[in-house]
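Protein chains in written order, with our numbering: chain A, 21 to 485; chain B, 9 to 337; chain C, 17 to 323; chain D, 1253 to 1638.
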């Protein structure tokens, strides 16, 4: 990237309404040497080098608080990083033209074939079906070839979180409701499974098979979603966020404190999946793969059903509400009903995940439903591209996989530091997510141009007066 | 305001059946925001099949009146009654907006509020679907009634789009249409709900002369061909004069006049309201002043936090801040 | 709960609440100018604790200081906490939020960035300073000095109350009476008008972050003095303070103060009545109930509008 | 714009960072090598405990390798379950997948132990936990699960015995920290105290509570003769401080989670007089223990924490058994399970041996007291309470 293009971009991308007066005002101020872009860039790069040194440097201890700082700032590492920073800066500032032309060149070369692939993709339905079948086959049978450890991760974490993310996508991606308490429904699902299989201190009227618990859990979560949603859905944006967060905290603390009902922090032991039809019986045991296939069935089913919703009147109504609730209501869309519907559908997906999870791990405690997970699932959805099923699938799968993979490369304690940095960087470069939905992409483009707010999570707008 | 005023003029009511019967009636509607009275004891009587225009300077309470009629605002006092064709009556005071829409009142917005990231067709379908019965379960399972509903809404949306002349642009994004097309799409969206009364909030604002003419014709067609009663807020006097059967004038939240377009135009109170002390009878001048006023909403920041009507609060706030800044600079 | 217990818990609640109030101001200020939930503010708070801890660990002598020495060390600790808090807040705005602002990114994106930044910051702190908690070095002998309705207050508690009140009064002055404050209010009300009026939005936003960071950092130091300092210490107080800001009416500085105090008292009373395990249940139930009645918080939104 | 470009430039640098930190793994010894895995919270909320144990194990392995008389290399494999039951099966699988892993120390927490023990059992890999103390773990028939620590029943009973027998307390407040460990311990203490006719008030103060003053007030308002805190030193520290401020003057007692020098550091003089139980024998008197503490501090630049020494012992015991098997021909997973089951080993903290269910046989609880800057050994609870 060259200086010229970057400054041109700067002028082009900044919205005229803020830059024009700003630059006018800026001209009036005296620009000191260190405020010049070039030197500011150097300063920022040096700061970055120091940060990277801290990130990769010595492990601190509480015994000697200054140990890490001392080591980091006196060791060789700092100088290496600073040298890299200066080198990068120099290349960027003084060899900009060469590098940018090289980049342009490769872009041109790759643009041709990519365009052709895209054309074939959109033109031929058979190609699309073929590729989809291949992907599905890979998803179903591929994991047979990986280590059992990864199979476990795939089931316990990736598949479960993918299912959760698909559910949350309905709530936030389609209906635009900022839900920071989604894992509460997951917990309700898991505890339903525990209750109906007779694993809690309080006994159910009849102990059921795990599969039979599924519809009950869906129903329970549906009701819970409506109970939470009905009074809160007139709240908007951040208010809804904090209320859902509060709801999560309340559910979590209930699970933790109501020892007599939920076993509290001791946790619950749940039976695994099993089928007994007389002529055919099967038990899910320790091998992760049967659970995986079961979860794949759930996921595919959820995707299939939800895609129909997205392209129906319900999906359109959600989009309308997300974009402009007032206009949607004026057009006759019962906004509260549709929001409740989104909440309930999301919640019931979460319920399925809860039952599947409880029946897979066999033992869980309230810490499995900590508040951080609600926040993480949200991050998965938005990282992948909210509103887009492929995006959400990718986001959840990738971000769950990444920390596990990072284990091999960095100190496991630091994994979430890198994940956090990745989230920040991603959001700066691809705010729409990795694989955004078409609608969402348009909304963002319009928002950047200064039209509309791009999501319904804006400041509260109460009904007047 | 007395009943005499209403009886006084006999505007040419639209040709549909039941003409003269009141379709929309308000009395004593008063709406306050904090200390600010936005609507003050407003009486409105709208006959079935007529085109009634509401005019008045900016901030006169026209949009507040619309918002009160459609359930977006709940006035503190008064009575708002809507009488649908099939008989009976609904109180609109405090009714939920979507219910008002389903009863048969549809509206457009002063600062166009389309669903910009959806196509024109989808925009209209959303409106067309609100009366169709198909639940999420039947949709997910792909049951026949869901498919039928989908086809019905598709057909209806195509119909409406072709009626307003946007069929050729149905797959374009609403946000990328031209200003005039957006205005028409908004009308189409309102029409798709099958309304008995259509509330148009400054449909001509920001459109060019050709578009204005087309719009004029469209409103007339909607009124006569579809038998929809039209309540119109408009600043463009030429448009008002040509389509309205009757005109009602608001100033500072109060009704100051009502009558046929020509009557109203000559009303001294109206001229006073528009021009202050200068008594000027030239309609053109009135039109011009009003046209200047109109440019306000068009440049207003899109997606503003406040809708029209609460704008007063923001204005003073921003002004206060501006004063502060100046003081300290 | 007897009357004397009631006073005991009330006083404890007010002390805790005043800390929440100071943190909540950080959320509310940023929300006011950017309509952004700065989730990472809890890490600013945490770094404030470490700022004080680092400065005091480096400077404080073996034996507990007394008299003016104590006052000096308290000031040093608080300033160091505020400084590090302010610096982190400044960096956060520069690195994480400014590029998004340039793109007018939707608010959800800001939220995820904030979450990412929060992950990054607390894990970095854990890496740099170890993951065990540490006590603040003793700056004075923590005697009981004051009795309110029979509830006895220690020096630490008095210190928290006095500094929190001082910070809140100071902030209220800054927001309502100074040039910088009028800039903040102008941007809060309408950024575009403000920028047309010649207000440098970037600068105002940056200063708002620093202002919130200074308060959050100082609160972190006070919190550390009252309890201890560790790398995830920001999480729970952060969420509570965020709830407090919403409760008072997010964007409204006085609302944040009120909300903070209220939540502090509600939490402590809940603890007194039903035990510590129900602490947050009490707080969140009150939050939800209040929002049911007043959907935009007790005092309503906006920085500019001063209740 | 500026920031955007900078972040863009940051990516190659970050990649470099990954590469730098990633180097240094992956080389393996040439001769015979056996791996010992540790399963515990190596990231997440309870990482400090995991680190205490990991360091203890690492130290043991390093010392064993440095000894030079093994005839084989011992390698260390960390598997991280974050202290969560749902992450435990995958973590366990990771240890199982690595065929040269012959023994696992852990799972550290009872919850993860409950999910992982079954997987270990199916793989025939020994899981020797030096910290999962929930009593029912050894009653579920997990085939390869051995517990190298007395369970909560023993310690809770010891506490109750001492408070009722020696202190003659009439009213005791029992506070747990809402963790698996704390609740287990508090439950037993509560039950046994009640059985001894003592009035018990049970309270819970979740870990990492932002303000312990209300919790302290809740204790003092009951005017108890004694307090039992079932939790870790991180929370006992500030709690002790606030208890002192609130004017608590009864007997304060806590378990092995608090029996740590850092408790004194965190609580300051408020920790003075606290009674601490521990299934471990005197940790300060013996030369071996002193040497361990010194070595540990030298290696990891911090003092050994809760369970460091226990994990060290566990690792040493396993290495000793491996050595015996190695000399006899070879080390198989199942053989090692059997060997450990029958093993008797005297470590720094206690003597190790297991019954047929894998439960620790030596259930003696010892009492310590904080006095000034140190934790002083008092003797076994049974003897003291008489």
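Yeah, the Cβ is synthetic: ideal placement off N, Cα and C, and Gly gets one too.
Treat the numbers as computed from the prediction; the structure is a model and nothing was measured.
Closest Cβ-Cβ distance between residue 261(A) and chain B: below 8 Å?
-> Translated into positions along the first chain, residue 261(A) becomes position 241. Chain B, which has no Cβ nearer than 8 Å to the Cβ of residue 261(A), makes this no.
State the Cα-Cα distance for the pair residue 194(C) and residue 48(B), rounded to the nearest angstrom.
-> As a working note, residue 194(C) is residue 178 in the third chain. As a working note, residue 48(B) is residue 40 in the second chain. Rounded to the nearest angstrom, the two C-alpha atoms are 40 Å apart.
Tell me the start and end of each unbroken beta strand (DSSP E) in the region 64-98 of chain B that is at least 3 residues and wholly inside, in chain order.
-> 85-90
Are the region 109-128 of chain B and the region 336-350 of chain A in contact at 8 Å, needing three or more beta carbon pairs?
-> yes
Given that residue 1570(D) touches chain A, what residues does it touch there, using C-beta distances under 8 Å?
-> Counting from 1 along the fourth chain, the entry for residue 1570(D) is found at position 318. Going along chain A, no residue has its Cβ under 8 Å from residue 1570(D), so there is no contact; the nearest lies around 22 Å.
Can you tell me the Cα-Cα spacing of residue 305(B) and residue 46(B), whole angstroms?
-> As a first step, residue 305(B) must be located in the second chain, where it is residue number 297. As a first step, residue 46(B) must be located in the second chain, where it is residue number 38. Residue placement at residue 305(B) cannot be trusted, given a pLDDT of 34 that sits under 50; the coordinates are not used to answer.
Validate contact between the region 1516-1525 of chain D and the region 1453-1467 of chain D using beta carbons, cut 8 Å, 3 pairs = no
Tell me whether residue 276(A) is buried or exposed, calling it buried when 16 or more other Cβ atoms sit within 10 Å of its Cβ.
-> Walking along the first chain from the start, residue 276(A) turns up at place 256. Buried is the call here.
What is the rounded straight-line gap between the Cα of residue 94(A) and the Cα of residue 142(C)?
-> In the first chain, counting from the first residue as 1, residue 94(A) sits at position 74. In the third chain, counting from the first residue as 1, residue 142(C) sits at position 126. Approximately 20 Å, taken between the alpha carbons.
One or two residues paired with residue 150(C) in a DSSP bridge | Start at 1 with the first residue of the third chain, and residue 150(C) comes out as number 134. In the DSSP output, where bridge partners are listed per residue, residue 150(C) has 245(C).
With a 10 Å radius around its C-beta and 16 neighbouring C-beta atoms as the bar for buried, classify residue 239(C) as buried or exposed.
-> Sequence index remark: in the third chain, residue 239(C) carries index 223 (1-based). So residue 239(C) counts as buried.
Rounded separation between residue 28(A) and residue 69(A) - CA only | As a position in the first chain, residue 28(A) is number 8, starting the count at 1. As a position in the first chain, residue 69(A) is number 49, starting the count at 1. Note on residue 28(A): pLDDT 38, under 50, position unreliable in the model; no value is reported.
In the region 74-85 of chain A, which residues sit with their C-beta less than 9 Å from some C-beta in chain C, listed in chain order?
-> 74, 75, 77, 78, 79, 80, 81, 82, 83, 84 and 85
Which of the three DSSP states, helix, strand or coil, is assigned to residue 1462(D)?
-> To locate residue 1462(D), count along the fourth chain from 1; it is residue 210. If DSSP states are grouped into helix, strand and coil, residue 1462(D) belongs with coil.
Residues from the region 280-297 of chain A in contact with chain D, defined by Cβ distance under 9 Å | 284, 285, 286, 287 and 289
For residue 1355(D), which residues of its own chain have a beta-carbon under 6 Å away from its beta-carbon, when the five flanking residues on both sides are left out?
-> In the fourth chain, residue 1355(D) corresponds to position 103, counting from 1. The answer, listed in chain order, is 1288, 1378, 1570 and 1588.
Exposed or buried, which one is residue 1420(D) when buried takes at least 16 other CB atoms within 10 Å?
-> By one-based count along the fourth chain, residue 1420(D) stands at place 168. Burial call: exposed.
Could you name the residues of chain C that residue 427(A) contacts, counting a contact when the two beta carbons are closer than 7 Å?
-> Here the question's residue 427(A) lines up with position 407 in the first chain. Those do not exist, as residue 427(A) stays about 14 Å from chain C at its closest Cβ, beyond 7 Å.
Please determine if the region 44-63 of chain C and the region 261-281 of chain C are in contact, where contact requires at least 3 C-beta pairs separated by less than 8 Å.
-> yes
With C-beta atoms as the reference, is residue 283(C) less than 8 Å away from residue 29(C)?
-> Taking the first residue of the third chain as position 1, residue 283(C) is located at position 267. Taking the first residue of the third chain as position 1, residue 29(C) is located at position 13. Taking 8 Å as the Cβ cut-off, residue 283(C) and residue 29(C) qualify as a contacting pair.
Touching or not, the region 195-202 of chain A and the region 254-267 of chain A, by the rule of three or more beta carbon pairs under 8 Å?
-> yes
Using a Cβ cut-off of 9 Å, pull out every chain D residue sitting near residue 172(A), in sequence order please.
-> Mapped onto the first chain, residue 172(A) falls at position 152. Near residue 172(A) (Cβ distances below 9 Å), the residues of chain D are 1341, 1342, 1343, 1344, 1345, 1346 and 1371.
Within 10 angstroms of the Cβ of residue 90(B), are there 16 or more other Cβ atoms? Answer buried if so, exposed if not.
-> Indexing the second chain from 1 puts residue 90(B) at position 82. Result: buried.
Determine the extent of the beta strand (DSSP E) in which residue 145(C) is found, giving its start and end residues.
-> For this step, residue 145(C) is matched to residue 129 along the third chain. That residue, residue 145(C), is in no beta strand (DSSP E); its alpha helix (DSSP H) goes 123-145.
How many Å lie between residue 1347(D) and residue 1505(D) at the Cα?
-> Stepping through the fourth chain from its first residue, residue 1347(D) is reached at position 95. Stepping through the fourth chain from its first residue, residue 1505(D) is reached at position 253. Distance between the alpha carbons of residue 1347(D) and residue 1505(D) is about 38 Å.
Among 333(A), 282(A), 374(A) and 319(A), the one whose alpha carbon lies nearest that of residue 132(B) | Within the second chain, residue 132(B) is the residue found at index 124, counting from 1. It is 333(A) whose Cα lies nearest to the Cα of residue 132(B).
Check whether the Cβ atoms of residue 190(B) and residue 241(B) sit closer than 8 Å, and answer yes or no.
-> Along the second chain, read from residue 1 onward, the residue named residue 190(B) stands at position 182. Along the second chain, read from residue 1 onward, the residue named residue 241(B) stands at position 233. No, the Cβ-Cβ distance between residue 190(B) and residue 241(B) is not below 8 Å.
Nearest-angstrom Cα separation, counted from residue 172(B) out to residue 228(B) = One-based indexing of the second chain puts residue 228(B) at position 220. One-based indexing of the second chain puts residue 172(B) at position 164. Using only the alpha carbons, I get a separation of about 12 Å.
Exposed or buried, which one is residue 90(A) when buried takes at least 16 other CB atoms within 10 Å?
-> Locating residue 90(A) in the first chain gives position 70, counting from the first residue. Residue 90(A) comes out exposed.
Quick one: using the 10 Å Cβ neighbour count with 16 as the cut-off for buried, is residue 305(C) buried or exposed?
-> Within the third chain, residue 305(C) is the residue found at index 289, counting from 1. Exposed is the call here.
Pairwise C-alpha distance: residue 58(C) and residue 144(C) | Here residue 144(C) refers to the residue found at position 128 when the third chain is read from its first residue. Here residue 58(C) refers to the residue found at position 42 when the third chain is read from its first residue. In a straight line, the C-alpha of residue 144(C) is about 18 Å away from that of residue 58(C).
Since residue 1413(D) is in the alpha helix (DSSP H), which residue starts that stretch and which ends it?
-> Indexing the fourth chain from 1 puts residue 1413(D) at position 161. 1404-1414 is the extent of the alpha helix (DSSP H) around residue 1413(D).
Looking at the unbroken beta strand (DSSP E) that takes in residue 1527(D), where does it start and where does it end?
-> If you number the fourth chain from 1, residue 1527(D) lands on position 275. Where residue 1527(D) is concerned, the enclosing beta strand (DSSP E) stretches over 1527-1530.
Beta-carbon gap between residue 183(A) and residue 102(A) smaller than 8 Å | Your numbering for residue 183(A) matches position 163 in the first chain. Your numbering for residue 102(A) matches position 82 in the first chain. Not a contact, by the Cβ cut-off of 8 Å.
Are residue 359(A) and residue 287(A) touching if we call contact CB-CB under 8 Å?
-> The sequence position of residue 359(A) within the first chain is 339, counting from 1. The sequence position of residue 287(A) within the first chain is 267, counting from 1. Not a contact, by the Cβ cut-off of 8 Å.
Got a sec? Which residues, its chain only, sit under 8 Å from residue 1271(D) by beta carbon, not counting five neighbours each side?
-> Against the fourth chain, residue 1271(D) aligns to sequence position 19. In this predicted model, residue 1271(D) has a pLDDT of only 49, less than 50, meaning its place in the structure is not dependable; the value taken from the coordinates is given anyway. Closer than 8 Å at the Cβ level, and outside the excluded window around residue 1271(D), lies no residue.
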